[in-house]
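Novice: Mind the numbering: the sequence shown is residues 8 to 494 in my numbering, read in order. The beta-carbon is built from N, C-alpha and C at its ideal position, and this holds for glycine as well. Okay, handing you the structure first.
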Amino acid sequence: MKPHVIMIMADQLRADVLGKGFTPNIDAIAKEGVKFDRAYCGCPLCVPARGVIFTGTYPNRNGSLINPWEPQDAKYGNVKSGITNLYELMEEEWDSIHSGKQHLFTEGGKLEDRKDSKTRWLSTEQSYKEYLKENEISMPGGPSFRMRVPELISGKATHVANYSNANTGRYEPGEEYYFDHYFAKKAVEGIRERDPLKPLLLNAMFLAPHPPLEIPDPWYSLVKDTDFDLPGNVGVYYSNQSPLQMYNLPGVVGACYNRAHWKEAWRVYLGLAAMLDNCVGQIQKELKAQGIYEESLIIFTSDHGEMLGSHGLFQKMCMYEEAARVPLYIKFPKEKNPGRPGQVIKSTVSHVDLMPTLCDYLELKPGHGMDGESLMPLISGNDKPDKGGRAFLQYDGNGSLSNFQRCVVRGNHKLILDFFKNEVYYELYDLDHDRQETCNLLFQPEYDSLAREMAAELARHMTATGDHLDFPAFSPERFRKAYGGRT
Numbered sequence: 008m009k010p011h012v013i014m015i016m017a018d019q020l021r022a023d024v025l026g027k028g029f030t031p032n033i034d035a036i037a038k039e040g041v042k043f044d045r046a047y048c049g050c051p052l053c054v055p056a057r058g059v060i061f062t063g064t065y066p067n068r069n070g071s072l073i074n075p076w077e078p079q080d081a082k083y084g085n086v087k088s089g090i091t092n093l094y095e096l097m098e099e100e101w102d103s104i105h106s107g108k109q110h111l112f113t114e115g116g117k118l119e120d121r122k123d124s125k126t127r128w129l130s131t132e133q134s135y136k137e138y139l140k141e142n143e144i145s146m147p148g149g150p151s152f153r154m155r156v157p158e159l160i161s162g163k164a165t166h167v168a169n170y171s172n173a174n175t176g177r178y179e180p181g182e183e184y185y186f187d188h189y190f191a192k193k194a195v196e197g198i199r200e201r202d203p204l205k206p207l208l209l210n211a212m213f214l215a216p217h218p219p220l221e222i223p224d225p226w227y228s229l230v231k232d233t234d235f236d237l238p239g240n241v242g243v244y245y246s247n248q249s250p251l252q253m254y255n256l257p258g259v260v261g262a263c264y265n266r267a268h269w270k271e272a273w274r275v276y277l278g279l280a281a282m283l284d285n286c287v288g289q290i291q292k293e294l295k296a297q298g299i300y301e302e303s304l305i306i307f308t309s310d311h312g313e314m315l316g317s318h319g320l321f322q323k324m325c326m327y328e329e330a331a332r333v334p335l336y337i338k339f340p341k342e343k344n345p346g347r348p349g350q351v352i353k354s355t356v357s358h359v360d361l362m363p364t365l366c367d368y369l370e371l372k373p374g375h376g377m378d379g380e381s382l383m384p385l386i387s388g389n390d391k392p393d394k395g396g397r398a399f400l401q402y403d404g405n406g407s408l409s410n411f412q413r414c415v416v417r418g419n420h421k422l423i424l425d426f427f428k429n430e431v432y433y434e435l436y437d438l439d440h441d442r443q444e445t446c447n448l449l450f451q452p453e454y455d456s457l458a459r460e461m462a463a464e465l466a467r468h469m470t471a472t473g474d475h476l477d478f479p480a481f482s483p484e485r486f487r488k489a490y491g492g493r494t
């Protein structure tokens with residue numbers, strides 16, 4: 008029988024909060040398996056990020072570019088027909104169960120609404136809302152945890168939208184009625200009720216630590232402000248970072264808070280991370296109780312990260328490390344383990360590589376060509392694990408087509424293009440020496456040659472994947488002249 012496959016996904020989890028004592032269960036997956044230290048999402052936004060993960064294709068290729076909240080642009084949130092997702096690929100041979108959030112939209116509608124679905128949808132965001140309604144309990148995150156922000160519709164007309172802010176509070180109905188407690192409970196029930204004649208596929212998709220930052224005790228009170236230090240770039244808007252972020256949600260919301268408030272937001276966010284870890288621990292415990300933990304392939308990741316005040320920004324929707332870099336841990340079954348416990352791979356990899364890796368290991372054949380590459384050669388040591396690598400990222404707006412960003416990470420360097428209407432801002436960073444991205448190297452002429460190389464590589468990628476944007480003519484000299492060569 009093929010191995011059990013357990014996919015555990017967080018939402019908006021910063022990679023740099025793991026391994027700090029708040030997440031022992033998640034950290035155990037890294038210790039028992041392989042940790043990819045430089046893994047990136049395909050898009051720093053929920054729906055298209057999941058399109059990348061579950062199809063092994065870039066947003067340009069699969070068609071899922073945005074969260075489809077605005078009716079005018081909703082079609083740009085759907086994965087095109089003819090592109091197979093991991094659920095469809097595995098639910099015939101595996102006992103496929105799902106618990107939690109699943110923002111994977113297709114041209115045929117939501118996955119859970121498919122009439123021919125062989126996946127058992129034990130819980131979704133909709134069933135959670137029905138659970139609260141039955142118990143006459145309000146959802147976390149009322150009006151004080153949301154704020155008005157401008158949002159372009161179709162890149163042309165500005166509307167006012169409401170999205171989560173960085174306010175914090177205690178969720179008084181208690182843990183029993185919180186998103187992730189409900190999702191974890193249903194996941195554990197699913198493991199207990201699995202078909203023992205088939206391998207198990209569990210997709211456990213948690214909301215934490217996505218805002219609202221209104222969370223129940225004991226997690227709200229768990230972390231003290233003396234338990235951690237804020238990163239140096241929290242609450243700092245650097246002079247040479249993209250000013251176009253101020254037209255985007257992260258800059259609009261982030262500008263409302265000072266470093267003192269970010270300290271409190273971090274305290275509650277770390278409590279959410281600890282709650283997520285508890286949920287992961289419940290799944291690990293039940294797998295062990297069922298005697299299938301050692302036989303299971305366990306993947307832990309997050310759809311994207313969270314700025315949480317870094318660069319003076321909030322939420323995701325940008326290409327800085329805090330939003331773009333993701334945790335990616337893979338623990339293999341004991342009897343078929345190509346890696347070694349505690350292995351750390353420092354090569355740059357992408358979420359687009361995850362499905363090709365699973366297909367390689369599980370001997371699956373998707374019905375479409377994938378953009379990513381299997382990570383098995385890195386894991387098994389047949390490739391150099393600590394050098395090079397590429398990741399391409401894109402962002403095309405939140406609830407509609409609006410702001411646009413493109414990015415390439417090549418080894419230790421990152422090039423970012425930030426578009427707003429007819430304006431384009433460029434950023435280049437050395438991630439080995441400037442992990443917090445405080446020094447934009449495009450204001451140093453000695454890096455012009457590198458910038459041009461990376462710009463050409465990004466342009467080729469955009470053309471090859473059928474990007475709807477044209478790569479603008481790139482001149483570092485004109486860029487410095489336009490923006491005053493600030494230092």
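(1) From the DSSP output, in three-state form, read off Ala480 for me.
(2) Here's the rule: buried if 16 or more other CB atoms are within 10 angstroms of the residue's CB, otherwise exposed. What is Arg57?
(3) Per the DSSP calculation, Phe411 is bridged to which residue(s)?
(4) Going by DSSP in three states, Arg266 sits in which element: helix, strand or coil?
(5) Would you check whether the ligand SAM has a heavy atom nearer than 7 Å to the C-beta of Arg332?
(6) Note the first and the last residue of the continuous beta strand (DSSP E) segment covering Ser228.
(7) If you pair each beta-carbon of the segment 476 to 489 with each one of the segment 271 to 282, do three or more pairs fall below 8 Å?
(8) Name the DSSP beta bridge partners of Met212, please?
(9) From Pro345, Glu444, Pro483 and Ala81, pick the residue whose C-alpha is nearest to that of Gly116; which is it?
(10) Determine, using beta-carbon pairs with one atom in the segment 352 to 363 and one in the segment 373 to 380, whether at least three such pairs fall under 8 Å.
(11) Which residue from Val24, Arg266 and Leu251 puts its Cα closest to that of Glu434?
(12) What number of angstroms, rounded off, separates the C-alpha of Phe213 from the C-alpha of Asp455?
(13) Suppose you measure from the CA of Gln443 to the CA of Val351; what does that come to, to the nearest Å?
(14) Using 8 Å as the threshold, is the C-beta distance between Ala331 and Leu400 below it?
(15) Do you know offhand how far Leu422's Cα is from Glu143's?
(16) Classify Ala4: buried if its beta carbon has 16 or more other beta carbons within 10 angstroms, exposed otherwise.
(17) Taking all protein chains shown into account, decide if Asp232 is buried (16 or more other Cβ within 10 angstroms of its Cβ) or exposed.
(18) By alpha-carbon positions, which one of Glu77, Glu114, Tyr65 and Leu25 ends up nearest to Gly89?
(19) Could you check whether Ser124 and Arg153 sit closer than 8 Å to each other, using their CB atoms as the reference points?
(20) Give me whichever residues DSSP pairs with Asp102 in a beta bridge.
(21) Are there three or more Cβ pairs, one per stretch, closer than 8 Å when the segment 247 to 265 is compared with the segment 178 to 185?
(22) Look at the alpha carbon of Leu438 and the alpha carbon of Arg45, and state the distance between them as a whole number of angstroms.
(23) Would you say the segment 157 to 167 touches the segment 266 to 273, given that touching needs at least three Cβ pairs under 8 Å?
(24) What residue from Pro10, Ile13, Val12 and Gln19 has the CA that sits closest to Cys325's CA?
(25) Can you check which of these residues, Met314, Trp128, Arg397 and Gly406, is closest to Glu196 by C-alpha distance?
(26) Am I right that Leu315 and Trp273 are in contact with their C-beta atoms under 8 Å? What's the rounded C-beta distance?
(27) Could you check if His440 is buried or exposed, using at least 16 other CB atoms within 10 Å of its CB as the buried criterion?
(28) Does Gly312 get closer than 8 Å to chain B when you measure Cβ to Cβ?
(29) For Cys263, is the classification buried or exposed, using 16 other Cβ atoms within 10 angstroms of its Cβ as the cut-off for buried?
(30) Measuring CB atoms only, is the segment 129 to 138 touching the segment 235 to 248, in the sense that at least three cross pairs come out at less than 8 Å?
(31) In terms of alpha-carbon separation, which member of Cys446, Glu141 and Ala471 lies closest to Tyr244?
(32) Write down the C-beta distance between Ala22 and Gly312 rounded to the nearest angstrom, noting that I regard them as a contact closer than 8 Å.
(33) When you compare the CB positions of Ser71 and Gly63, do they come within less than 8 Å of one another, or not?
(34) Taking the DSSP output, what are the residues bridged to Ile160?
(35) Determine the contact status of Ile386 and Leu294, defining contact as a CB-CB distance below 8 Å.
(36) Just to check my reading of the structure: Met377 and Leu209 have Cβ atoms closer than 8 Å, yes? What is that Cβ distance to the nearest angstrom?
Specialist: Reading from the atomic positions:
(1) Mapped onto the sequence shown, residue 480 falls at position 473. Ala480: coil per DSSP, three-state reduction.
(2) Within the sequence shown, numbered from 1, the residue matching residue 57 stands at position 50. Looking at its Cβ environment, which holds 16 or more other Cβ atoms inside 10 Å, Arg57 is buried.
(3) Within the sequence shown, residue 411 is the residue found at index 404, counting from 1. Phe426.
(4) Stepping through the sequence shown from its first residue, residue 266 is reached at position 259. For Arg266, the secondary structure class from DSSP, reduced to helix, strand or coil, is helix.
(5) For the structure depicted, the ligand SAM is absent and the ligand set is empty, with no information on it obtainable.
(6) The residue labelled residue 228 in the question sits at position 221 within the sequence shown. It is not in any beta strand (DSSP E) - Ser228 instead sits in the alpha helix (DSSP H) that spans Trp226 to Leu229.
(7) no
(8) Numbered from its first residue, the sequence shown carries residue 212 at position 205. Paired residue(s): Met16 and Gly107.
(9) Counting from one through the sequence shown, the residue named residue 116 turns up at place 109. For Gly116, the nearest C-alpha among the options comes from Ala81.
(10) yes
(11) Within the sequence shown, the letter at position 427 stands for residue 434. Among Val24, Arg266 and Leu251, the Cα nearest to that of Glu434 belongs to Leu251.
(12) Here residue 213 corresponds to residue number 206 of the sequence shown, with the count starting at 1. Here residue 455 corresponds to residue number 448 of the sequence shown, with the count starting at 1. Phe213 and Asp455: Cα-Cα distance of roughly 42 Å.
(13) One-based indexing of the sequence shown puts residue 443 at position 436. One-based indexing of the sequence shown puts residue 351 at position 344. Roughly 21 Å separates the two Cα atoms.
(14) Taking the sequence shown and counting its residues from 1, the one referred to as residue 331 is at position 324. Taking the sequence shown and counting its residues from 1, the one referred to as residue 400 is at position 393. Here Ala331 is near Leu400, since their CB atoms are less than 8 Å apart.
(15) Numbered from 1 along the sequence shown, position 415 holds the residue referred to as residue 422. Numbered from 1 along the sequence shown, position 136 holds the residue referred to as residue 143. Taking the straight line from one Cα to the other gives about 49 Å.
(16) Nothing in the structure corresponds to residue 4, since the chain is present only between 8 and 494.
(17) On the sequence shown, position 225 is the one that residue 232 refers to. The residue is exposed, with fewer than 16 neighbouring Cβ atoms inside 10 Å.
(18) For the purposes of this step, residue 89 is taken as the residue at position 82 of the sequence shown. Selected option, being the one with the closest Cα: Glu114.
(19) Your numbering for residue 153 matches position 146 in the sequence shown. Your numbering for residue 124 matches position 117 in the sequence shown. Cβ atoms of Arg153 and Ser124: not closer than 8 Å.
(20) Counted from its first residue, the sequence shown places residue 102 at position 95. Answer is Leu207, bridged to Asp102.
(21) no
(22) Walking along the sequence shown from the start, residue 438 turns up at place 431. Walking along the sequence shown from the start, residue 45 turns up at place 38. For the pair Leu438 and Arg45, the Cα-to-Cα distance works out to about 10 Å.
(23) no
(24) To locate residue 325, count along the sequence shown from 1; it is residue 318. That would be Gln19, whose Cα lies nearest to the Cα of Cys325.
(25) For the purposes of this step, residue 196 is taken as residue 189 along the sequence shown, with counting starting at 1. Cα-wise, what sits closest to Glu196 is Trp128.
(26) Within the sequence shown, residue 315 is the residue found at index 308, counting from 1. Within the sequence shown, residue 273 is the residue found at index 266, counting from 1. Indeed they touch by this definition, with Cβ atoms about 6 Å apart.
(27) Here residue 440 refers to the residue found at position 433 of the sequence shown. It is exposed - the Cβ of His440 has fewer than 16 other Cβ atoms within 10 Å.
(28) Of the protein chains in this structure there is only one, and it is not chain B.
(29) Within the sequence shown, the letter at position 256 stands for residue 263. Cys263 should be labelled exposed.
(30) no
(31) The residue you call residue 244 lines up with position 237 of the sequence shown. That would be Cys446, whose Cα lies nearest to the Cα of Tyr244.
(32) Taking the sequence shown and counting its residues from 1, one reaches residue 22 at position 15. Taking the sequence shown and counting its residues from 1, one reaches residue 312 at position 305. Indeed they touch by this definition, with Cβ atoms about 6 Å apart.
(33) Within the sequence shown, the letter at position 64 stands for residue 71. Within the sequence shown, the letter at position 56 stands for residue 63. Not a contact, by the Cβ cut-off of 8 Å.
(34) Translated into positions along the sequence shown, residue 160 becomes position 153. Beta-bridge pairing links Ile160 to Ala164.
(35) Along the sequence shown, one-based indexing puts residue 386 at 379. Along the sequence shown, one-based indexing puts residue 294 at 287. No. Outside cutoff.
(36) What you label residue 377 is simply residue 370 of the sequence shown in a count that begins at 1. What you label residue 209 is simply residue 202 of the sequence shown in a count that begins at 1. Incorrect: roughly 23 Å between the Cβ atoms, too far for contact.
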